[in-house]
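The structure under discussion appears below in the form of structure tokens.
2 protein chains.
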Amino acid sequence: MKVISSQKHIYFFSTEMNPVEEVYPGEKVVFETIDALGGNYEKIDFSKVNPATGPVYVNGAKPGDTLVIRIERINLPEKGVIVTGKGFGVLSDEIEGFHTKELKIEKWAVFFDNIRVPIHPMVGVIGVAPEEREYPTGTAHKHGGNMDTKEITEKSTVYLPVFQDGALLALGDVHATMGDGEVCVSACEVSAKVVVEVDIAKEEIKWPMVETNDAYYLIVSLPSVEDALKEVTREAVWFIQRRKVIPFKEAYMLTSLCVDIGISQLVNPNKTVKAKIPKYIFSEV
Amino acid sequence: MKVISSQKHIYFFSTEMNPVEEVYPGEKVVFETIDALGGNYEKIDFSKVNPATGPVYVNGAKPGDTLVIRIERINLPEKGVIVTGKGFGVLSDEIEGFHTKELKIEKWAVFFDNIRVPIHPMVGVIGVAPEEREYPTGTAHKHGGNMDTKEITEKSTVYLPVFQDGALLALGDVHATMGDGEVCVSACEVSAKVVVEVDIAKEEIKWPMVETNDAYYLIVSLPSVEDALKEVTREAVWFIQRRKVIPFKEAYMLTSLCVDIGISQLVNPNKTVKAKIPKYIFSEV
Numbered sequence: 002m003k004v005i006s007s008q009k010h011i012y013f014f015s016t017e018m019n020p021v022e023e024v025y026p027g028e029k030v031v032f033e034t035i036d037a038l039g040g041n042y043e044k045i046d047f048s049k050v051n052p053a054t055g056p057v058y059v060n061g062a063k064p065g066d067t068l069v070i071r072i073e074r075i076n077l078p079e080k081g082v083i084v085t086g087k088g089f090g091v092l093s094d095e096i097e098g099f100h101t102k103e104l105k106i107e108k109w110a111v112f113f114d115n116i117r118v119p120i121h122p123m124v125g126v127i128g129v130a131p132e133e134r135e136y137p138t139g140t141a142h143k144h145g146g147n148m149d150t151k152e153i154t155e156k157s158t159v160y161l162p163v164f165q166d167g168a169l170l171a172l173g174d175v176h177a178t179m180g181d182g183e184v185c186v187s188a189c190e191v192s193a194k195v196v197v198e199v200d201i202a203k204e205e206i207k208w209p210m211v212e213t214n215d216a217y218y219l220i221v222s223l224p225s226v227e228d229a230l231k232e233v234t235r236e237a238v239w240f241i242q243r244r245k246v247i248p249f250k251e252a253y254m255l256t257s258l259c260v261d262i263g264i265s266q267l268v269n270p271n272k273t274v275k276a277k278i279p280k281y282i283f284s285e286v
Numbered sequence: 002m003k004v005i006s007s008q009k010h011i012y013f014f015s016t017e018m019n020p021v022e023e024v025y026p027g028e029k030v031v032f033e034t035i036d037a038l039g040g041n042y043e044k045i046d047f048s049k050v051n052p053a054t055g056p057v058y059v060n061g062a063k064p065g066d067t068l069v070i071r072i073e074r075i076n077l078p079e080k081g082v083i084v085t086g087k088g089f090g091v092l093s094d095e096i097e098g099f100h101t102k103e104l105k106i107e108k109w110a111v112f113f114d115n116i117r118v119p120i121h122p123m124v125g126v127i128g129v130a131p132e133e134r135e136y137p138t139g140t141a142h143k144h145g146g147n148m149d150t151k152e153i154t155e156k157s158t159v160y161l162p163v164f165q166d167g168a169l170l171a172l173g174d175v176h177a178t179m180g181d182g183e184v185c186v187s188a189c190e191v192s193a194k195v196v197v198e199v200d201i202a203k204e205e206i207k208w209p210m211v212e213t214n215d216a217y218y219l220i221v222s223l224p225s226v227e228d229a230l231k232e233v234t235r236e237a238v239w240f241i242q243r244r245k246v247i248p249f250k251e252a253y254m255l256t257s258l259c260v261d262i263g264i265s266q267l268v269n270p271n272k273t274v275k276a277k278i279p280k281y282i283f284s285e286v
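Residue numbers (my numbering), protein chains in the order written: chain G, 2 to 286; chain L, 2 to 286.
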């Protein structure tokens, strides 16, 4: 299996990036990642946060395709760190100073002092070369990026729109656990190894999507959480309307009845929301 | 058990309401409710939507107390209705006309044509006399009201701040199932029977709270979803800070690590959000 060293990383998803490796559809790859603070939380360089390992050129991926990334395994280290401070998070104006806290990680739990928080490994940043301009790796949009979505976890599949030849996949910012919202600006930040299988689908999507055993999650990231919630609702209705071949009004009602609109993160430059579409609606009686 | 007939209902939670019944702490009561459309969806009078059965005077409840309502049982009928149309819901400006659809309810599922949606009985409107002014039963705020929160279900406990003598409890707007967001403005609307046990706690709370087996949900309703998300984050941090007796910065970090910020509904005059605080953080190792 090809291994992408954490020394090969980016701070911007740009239309033109130099790939550090190339893979073929169906190939498995290991990404070694550095934590969101740059690997040394005692000496944070804020111009170098959220590094994403890569980018990797996927042979055959063309604009208009969808990149399919199956998260096979996330190997966590034995400790992580959480940080917050003035100017950070939902309550950025209600906290003083800058604070870091080391967290011990065991097999099933992250220890916040003597409080056991169940482990939930997830990939915070995963993205491809965008359609235009460049996005810092700390920002999320249609190309993916810093979506900080809990469902991007082991055994889930991430779908990203391909905008440039080879897609140019990069990922990082792994968390050992996180609450929806990531309200203080960080979670249990770790350097980790992520094993993925990469594939291509000859289908076009507008926004990133995550598939789990029982649901599809549509993921929308925009500057205003209100706009993001409206857009993800629109996308959920359209997803159901198209897949079930029913009128808009029927899809709108069905969305209201069974789709859960939720929050991924409220603290990055673009806020990320999700719509959980249960798979059972596609198996009629 | 006392039964409150659905003929005794209100359209406003006001500081001064005439109680239709009185109960004592520890007493069980049956509320017969009319659906949110007023019981006849073929002839909706929009000045009479979201009726709440009651109000009931709880002996001994004083301003500054907390009313404790255990939802024992929600008995559903055999059919419900979902409605939407121009001017309604998250996509109010993208839909034309007005539409209603009858839904068959069986033991485990609501049928949307031949799509089975799992049953999830819940109480949409539950509230008390507010601190000041009056709120239509379609609006949610500190007194409760139209919170449309899925966790207000069988076997959960609702906590409401008491602002007036006797609290003056009323409830209605039962749903047989609903997705978080309730995006089209309604869910599976039903007339139902709700059995609750009412109690009083001599403790003060600021916003409504719901307790389930494994978590506390803080519930905040404000005109802007962004303001509501900030306020519910602030409340979650404060809840953890006070109960665990830890500094603000520690509580802020712990909230980020394990509290899920979520959406209840996006379609009423005040939007409702929730913070799920897991109970495991209160059992240290």
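Every residue gets a Cβ at the ideal spot worked out from N, C-alpha and C, and that includes glycine.
Inter-residue spacing [alpha-carbon to alpha-carbon] between residue i and residue j
i	j	result
G/S192	G/V126	12 Å
G/D174	G/V124	6 Å
G/I75	G/N214	18 Å
L/S187	L/V84	6 Å
G/Y253	L/D114	14 Å
G/V50	G/L172	13 Å
L/S257	G/A229	21 Å
G/N271	G/D166	25 Å
L/V199	L/V69	6 Å
L/F240	L/P137	29 Å
Chain L contact residues for residue i, given Cβ-Cβ distances below 9 Å
i	result
G/N41	Those within 9 Å of G/N41 in chain L number zero; the least Cβ separation is about 19 Å.
G/V221	Those do not exist, as G/V221 stays about 13 Å from chain L at its closest Cβ, beyond 9 Å.
G/V124	Residues of chain L passing the Cβ test: none, with the nearest at roughly 17 Å.
Spatial neighbours of residue i in its chain, beta-carbon cut-off 7 Å, leaving aside the 5 residues before and after
i	result
G/A177	L77, G81, I106, V111, I120, P122, C189 and V191
G/I206	T67, Y160 and P162
G/E103	K80 and V82
G/F164	P64, V129, A130, P131, E132 and H144
L/I96	T85, G86 and K87
Beta-carbon proximity list for residue i, same chain, < 8 Å, skipping 5 on both sides
i	result
G/R244	F283
G/H100	V84, T85 and G86
G/I247	I241 and L255
G/T16	A130, P131, E132, E133, R134, E135, F164 and Q165
Own chain partners of residue i with C-beta closer than 6 Å, once the 5 adjacent residues on each side are dropped
i	result
L/S157	I72, V211 and T213
G/I201	P26, G61, A62 and D66
G/D36	E190, V191 and S192
L/V21	K9
G/Q266	D149, E183 and T273
L/W109	I120
G/V366	Lying before the first or after the last residue shown, residue 366 of chain G is absent from chain G, which here runs from 2 to 286.
Buried or exposed (CB count within 10 angstroms, at least 16 for buried), residue i
i	result
G/E183	buried
L/P56	buried
G/G139	buried
G/P64	exposed
G/K3	exposed
G/G146	buried
L/F47	exposed
L/S6	exposed
L/W208	buried
G/K250	buried
L/E236	buried
G/P52	buried
G/D181	buried
G/G263	buried
L/S225	exposed
G/D94	exposed
G/K275	buried
Contact set between residue i and chain G, taken where Cβ atoms lie within less than 7 Å
i	result
L/H100	K250
Contacts that residue i makes with chain G (C-beta to C-beta distance below 9 Å)
i	result
L/F113	E251, M254, L255, L258, C259 and I282
L/R117	Y281, I282, S284, E285 and V286
Neighbour list for residue i in chain G, Cβ cutoff strictly below 8 Å
i	result
L/V1	Outside the shown range of chain L, which is 2 to 286, sits residue 1 of chain L, and nothing can be said about it.
L/L267	L230, T234 and I262
L/I127	Those do not exist, as L/I127 stays about 20 Å from chain G at its closest Cβ, beyond 8 Å.
L/V246	By Cβ distance, chain G contributes nothing, its closest Cβ being about 12 Å from L/V246, past 8 Å.
L/V163	Going along chain G, no residue has its Cβ under 8 Å from L/V163, so there is no contact; the nearest lies around 28 Å.
Cross-chain neighbours of residue i in chain L, by beta carbon under 7 Å
i	result
G/V159	Residues of chain L passing the Cβ test: none, with the nearest at roughly 20 Å.
G/V50	Going along chain L, no residue has its Cβ under 7 Å from G/V50, so there is no contact; the nearest lies around 16 Å.
Chain C contact for residue i (CB, 9 Å cutoff)
i	result
G/A37	No chain C is part of this structure, whose protein chains are labelled G and L.
Beta carbons nearer than 9 Å to chain G: which residues of the region 82-95 of chain L have them? Legend: CB atoms of the region 82-95 of chain L lying less than 9 Å from CB atoms of chain G belong to residues I83, V84, T85, G86, G90, V91, L92 and E95.
Please identify, using Cβ separations under 9 Å, the residues of the region 204-218 of chain L that lie next to chain G, in order along the chain. Identification of residues in the region 204-218 of chain L having a C-beta nearer than 9 Å to some C-beta of chain G yields an empty set.
Using a Cβ-Cβ cut-off of less than 8 Å, list which residues of the region 175-196 of chain G approach chain L; keep chain order. Here the close residues are T178, M179, G180, D181, G182, E183, V184, C185, V186, S187, A188 and C189.
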